[in-house]
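Here is the structure we will look at, set down as structure tokens.
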Amino acid sequence: MAASVSLQLEFSGGAELLFGGVKKHHVTLPFQSDACDIRHLLVWIKQNLLQERPELFIQGDSVRPGILVLINDADWELMGELTYKLQDEDSITFISTLHGG
Amino acid sequence: MCRAQEEEDERYSEAVRRRPELGLEQKCMKCKERSAVLIIRIGDAFCKDCFKEYFVHKFRAMLGKKRLIYPGEKVLLALSGGPASSSMFQQVQEGLSRDAPKKLRFVPGLVHIDEGAVRRQSLKEREKMVAEMESVLKMSGFPYQIIALEEVGRYRAVIQVFNLPSSVVQWVSKDIPDMADDYKAAVDGFLGHHTGVENAESGSRTCVQTKLAELSIEEPEPAASTGTFCLPSAQSTQALKQLFDSVRSLTAKEELLHTLRSHLLVHTARAQGYSKLMLGDSCTRLAVKFLTNISLGRGAFLAMDTGFSDRRYGDVVLVRPMREYSLKEISFYNQMFLVPTVFSPALNSKPSEKGSIHQLTETFINKLQSDFPSTVSTVYRTSEKLNVASSVEGPESVSAARCLFCLCPLDTRVEKASAFHATLISEHLSQRKSLDLPEAAVKKCCAESEERRCCKKPAARGSTTSRADERLNLLDLLCYGCRVTTKDLTTLDHLPHYVRSEADHRTHRTAMKKEIQEFLLHENADLEYVLKT
Chain S
1 MAASVSLQLE
11 FSGGAELLFG
21 GVKKHHVTLP
31 FQSDACDIRH
41 LLVWIKQNLL
51 QERPELFIQG
61 DSVRPGILVL
71 INDADWELMG
81 ELTYKLQDED
91 SITFISTLHG
101 G
Chain U
1001 MCRAQEEEDE
1011 RYSEAVRRRP
1021 ELGLEQKCMK
1031 CKERSAVLII
1041 RIGDAFCKDC
1051 FKEYFVHKFR
1061 AMLGKKRLIY
1071 PGEKVLLALS
1081 GGPASSSMFQ
1091 QVQEGLSRDA
1101 PKKLRFVPGL
1111 VHIDEGAVRR
1121 QSLKEREKMV
1131 AEMESVLKMS
1141 GFPYQIIALE
1151 EVGRYRAVIQ
1161 VFNLPSSVVQ
1171 WVSKDIPDMA
1181 DDYKAAVDGF
1191 LGHHTGVENA
1201 ESGSRTCVQT
1211 KLAELSIEEP
1221 EPAASTGTFC
1231 LPSAQSTQAL
1241 KQLFDSVRSL
1251 TAKEELLHTL
1261 RSHLLVHTAR
1271 AQGYSKLMLG
1281 DSCTRLAVKF
1291 LTNISLGRGA
1301 FLAMDTGFSD
1311 RRYGDVVLVR
1321 PMREYSLKEI
1331 SFYNQMFLVP
1341 TVFSPALNSK
1351 PSEKGSIHQL
1361 TETFINKLQS
1371 DFPSTVSTVY
1381 RTSEKLNVAS
1391 SVEGPESVSA
1401 ARCLFCLCPL
1411 DTRVEKASAF
1421 HATLISEHLS
1431 QRKSLDLPEA
1441 AVKKCCAESE
1451 ERRCCKKPAA
1461 RGSTTSRADE
1471 RLNLLDLLCY
1481 GCRVTTKDLT
1491 TLDHLPHYVR
1501 SEADHRTHRT
1511 AMKKEIQEFL
1521 LHENADLEYV
1531 LKT
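Protein sequence lines, in the order shown, are assigned to chains S and U. 13 is the number that my numbering gives to position 13 of the first sequence; each next residue is one higher, with no gaps. Count along the second sequence from 1, then add 1000; that gives the number in my numbering.
Shown next as structure tokens:
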């Protein structure tokens, strides 16, 4: 039984508007670390953190096109995108490149 | 061409081959040593150091290749605080701090426009944003200015956007110093310097440089051009809000904001003798703008609206040095190298995706881009192939009629058998008006303007007929795209004063020209005939 995963989440470029204007969130996921990838994280964010207009952040099972995802300051496209397995103390950054957030 | 295609294919197949082994272990494609942190295009993975080098080099290469900005030239950087312009600002700082051979040599100044009133921010929010912006600008040591959209140049005289001299919407020729006359009156503080620059520019380039160098020594710069921000009066804020409230659609609001912002930027640049204005449009944004402008009926001006340099204002040239960076590159750079940005909500923050044409196009491009990663670059490269026709930039364009809003040469002066006239006719038909109505209306408004000119006073506004005339007159001075925008204005009463007075002025001039036409020798053939006899 692996311990729960704690993560540092950051939203910027206007994405923070959907999270009550708070940029940095420190969260602990109630999942087991060996079974938790970004896909799960997005669902969790949608259910727990997102305060309004979920369609402006999540579309389908991924983020809305135009929002960049960084895992430990590296492009998520290098890490397998949605299938990346989260590690304890990872930092995930979401940057909106959309006009006006 | 074929070779490029092959290379592209090769790169793509390579990328596909590489895909399964994606992971942090992937090495940088450039140094092949450090592990990659970012994929720029398909298969092009960069490590942090190589990415920085690539990013910095691209900026200098862009300016170097275009040979547009001369050493010692005063360049105004327009900063919104968003990622692209902040990153541009950082690149300029970086470039100026370099060792001699690769150093950028122009003299930068900064300007930020506070659009809080239009964005429905409270005074407190605006003050907070301005303070944030100011702390960023202050650190640079460059002269800077923060201007509210309502207000310009507090430290000289309070001129509001509603009070800009109408020369903003006139095309100022570089080679004819006289044309700047009425403009000089408005900015008497800079009169001496300004004429200096104008005269110099008709001379040789070296002359410009020495003059400019003199200028920068003469002027106590930081003191003169650093204006601390003061909140505009409630009255002017109210006027601006009324103007935007009178606009029916978000699309038109975006366009109007863009127009006013450009006027204000160009005015600021002129007032302080800057000859270049740098804008932070990224490649992603330009791709969106490209498609948006086509949808807005601005197809004729695509090359000007999205090109590297834009000479529509004559004496102030707009430059877009960030146009080869995608927003992804910019955002990563800002994140990695801690470039400070100030987020400001746009007009349409948190809107529905179909709120405006701009919004819709952005969503469209981004969606395509996520499935087809070369979408943005394809659209962008298409826009790059467009050139401004030489007739537009040539000397004969000085006298050409230009749109009152966007200062592009009018695309509405075309022959009867054109798409433009077809649109007009179908518009009249769909409104169930008879076809001869437009001509009747034109006749009427000519009569009206004659009256006006007789008593040298603008006709009393307020009666419905003169309002309709004013609208007709104004529409006649606009290009097709700006006409479409103006149709979404419920009333013209809230338009800035400088726009309305210039409109009056132009209408009168046209009427007068018509009247004295028969006494003029305007055809070359006529002239030759007269000379012969």
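Cβ coordinates follow ideal geometry from the N, Cα and C atoms, glycine included.
Just checking: is the beta-carbon of U:Thr-1412 within a distance shorter than 8 angstroms of some beta-carbon in chain S?
It does not: the Cβ of U:Thr-1412 has no partner Cβ on chain S nearer than 8 angstroms.
Under the rule that 16 or more other beta-carbon atoms within 10 Å means buried, what is U:Leu-1123, buried or exposed?
So U:Leu-1123 ends up on the exposed side.
Where does S:Gln-8 fall in DSSP's three states?
Three-state result, S:Gln-8: strand.
Proximal residues to S:Ser-6 (C-beta, below 8 angstroms), its chain only, five neighbours per side dropped
Short of 8 angstroms from the beta carbon of S:Ser-6, and not among the five residues preceding or following it, lie these beta carbons of its own chain, in chain order: His-26, Val-27, Thr-28, Leu-29, Asp-88, Glu-89.
Would you please verify whether the beta carbon of S:Glu-77 is less than 8 angstroms from any beta carbon of chain U?
For S:Glu-77, the nearest beta carbon of chain U is closer than 8 angstroms to its own beta carbon.
Can you tell me whether U:Leu-1429 is buried or exposed? The criterion is at least 16 other CB atoms within 10 Å of its CB, across all chains shown.
Looking at its Cβ environment, which holds fewer than 16 other Cβ atoms inside 10 Å, U:Leu-1429 is exposed.
So what does DSSP say about U:Phe-1142, is it helix, strand or coil?
It is coil, neither helix nor strand.
Counting contacts by CB-CB distance shorter than 8 angstroms, is S:Asp-73 in contact with chain U?
S:Asp-73 has a beta carbon lying within less than 8 angstroms of a beta carbon in chain U.
In or out: S:Leu-78 buried (at least 16 other Cβ within 10 Å) or exposed?
Buried, because 16 or more other Cβ atoms sit within 10 Å of the Cβ of S:Leu-78.
With DSSP collapsed to three states, give me the class of U:Asp-1504.
When secondary structure is reduced to three states using DSSP, U:Asp-1504 falls in the helix class.
Could you tell me whether the Cβ atoms of U:Tyr-1274 and U:Leu-1068 are closer together than 8 angstroms?
Note that the C-beta distance between U:Tyr-1274 and U:Leu-1068 is not below 8 angstroms.
Ends of the beta strand (DSSP E) at U:Met-1336?
Unbroken run through U:Met-1336 is the alpha helix (DSSP H), 1327-1336; no beta strand (DSSP E).
Chain U contact residues for S:Thr-28, given Cβ-Cβ distances below 7 angstroms
Contact annotation for S:Thr-28 against chain U: no contact, minimum CB-CB distance about 24 angstroms [criterion: below 7 angstroms].
Just to confirm the assignment, what range does the alpha helix (DSSP H) spanning U:Met-1088 have?
U:Met-1088: member of the alpha helix (DSSP H) spanning 1083-1096, first to last residue.
Where do the N-terminal and C-terminal ends of the beta strand (DSSP E) with U:Tyr-1318 fall, by residue?
Checking the sequence shown, residue 1318 of chain U turns out to be Leu, not Tyr. Where U:Leu-1318 is concerned, the enclosing beta strand (DSSP E) stretches over 1317-1319.
Buried or exposed: which applies to U:Met-1139, given that a residue is buried once 16 or more other Cβ atoms fall within 10 Å of its Cβ?
For U:Met-1139, the number of other beta carbons within 10 angstroms of its own is below 16, and it is reported as exposed.
For the region 1034-1048 of chain U against the region 42-61 of chain S, are there 3 or more C-beta pairs whose distance is under 8 angstroms?
The way I'd put it, the region 1034-1048 of chain U doesn't touch the region 42-61 of chain S; fewer than three beta-carbon pairs between them come closer than 8 angstroms.
Chain U partners of S:Ile-38, CB-CB under 9 angstroms?
Residues of chain U with a Cβ closer than 9 angstroms to the Cβ of S:Ile-38 do not exist; the shortest Cβ-Cβ separation is about 14 angstroms.
What residue does the alpha helix (DSSP H) around U:Phe-1290 start on, and which one ends it?
U:Phe-1290 -> alpha helix (DSSP H) spans 1283-1295.
What does U:Ala-1036 reach in chain S if we use C-beta pairs closer than 7 angstroms?
In chain order, Leu-78 make up the part of chain S whose C-beta sits under 7 angstroms from the C-beta of U:Ala-1036.
With distance defined between alpha-carbon atoms, name the residue in U:Glu-1132, U:Val-1092, U:Val-1319, U:Ser-1086 nearest to U:Ile-1330.
Of the listed residues, the one whose Cα sits closest to U:Ile-1330 is U:Ser-1086.
Taking only the alpha-carbon atoms, compute the straight-line gap between S:Gln-8 and U:Gln-1238 and give it to the nearest angstrom.
Each residue's CA atom was taken as its position, placing S:Gln-8 and U:Gln-1238 some 43 angstroms apart.
Cβ neighbour criterion (16 or more within 10 Å) applied to U:Gln-1235
By the neighbour-count rule (16 or more Cβ atoms within 10 Å), U:Gln-1235 is not buried but exposed.
Report yes if the CB atom of S:Ser-62 is closer than 8 angstroms to the CB atom of S:Leu-82, and no otherwise.
For the pair S:Ser-62 and S:Leu-82, the CB atoms are nearer than the 8 angstroms cut-off.
Going by DSSP, which residues form a beta bridge with U:Ala-1045?
According to the DSSP secondary-structure assignment, U:Ala-1045 is paired through a beta bridge with U:Ile-1039.
Out of U:Thr-1382, U:Gly-1043, U:Thr-1485, U:Val-1342, point me to the one whose CA is closest to U:Glu-1127's CA.
That would be U:Val-1342, whose Cα lies nearest to the Cα of U:Glu-1127.
Cα-Cα separation between U:Tyr-1333 and U:Ile-1042, rounded to whole angstroms
Rounded to the nearest angstrom, the two C-alpha atoms are 18 angstroms apart.
For the region 1274-1301 of chain U, which residues have a beta carbon sitting closer than 9 angstroms to at least one beta carbon of chain S?
The residues in question are Ser-1282, Thr-1284, Arg-1285, Val-1288.
Need the endpoints of the alpha helix (DSSP H) that U:Ser-1236 sits in, please.
First-last of the alpha helix (DSSP H) with U:Ser-1236: 1234-1245.
Bridge partners of S:Ile-58, per DSSP?
Answer by DSSP bridge pairing, in chain order: S:Val-63.
Check the Cβ of S:Pro-65 against every Cβ in chain U and list those closer than 7 angstroms, keeping chain order.
Ordered by position in chain U, the residues that pass the 7 angstroms Cβ test against S:Pro-65 are Asn-1366, Lys-1367, Gln-1369, Ser-1370.
Using only the alpha-carbon positions, how far apart do U:Gly-1281 and U:Glu-1150 sit?
Gly is not the amino acid found at residue 1281 of chain U; the sequence shown has Asp there. U:Asp-1281 and U:Glu-1150: Cα-Cα distance of roughly 23 angstroms.
Look at U:Ser-1246 and U:His-1497 and say whether their C-beta atoms are less than 8 angstroms apart.
Their beta carbons are not under 8 angstroms apart, which means U:Ser-1246 does not touch U:His-1497 by this criterion.
Span of the alpha helix (DSSP H) holding U:Thr-1423?
For U:Thr-1423, the uninterrupted alpha helix (DSSP H) run begins and ends at 1419-1430, by DSSP.
Closer than 9 angstroms, Cβ to Cβ, to anything on chain U: give me those residues from the region 45-57 of chain S, in chain order.
Contact residues of the region 45-57 of chain S toward chain U are Glu-52, Arg-53, Glu-55, Leu-56 (C-beta to C-beta distance below 9 angstroms).
Distance check for U:Asp-1114 and U:Met-1129, CA to CA, integer angstroms please.
Spanning the two alpha carbons is a distance of roughly 9 angstroms.
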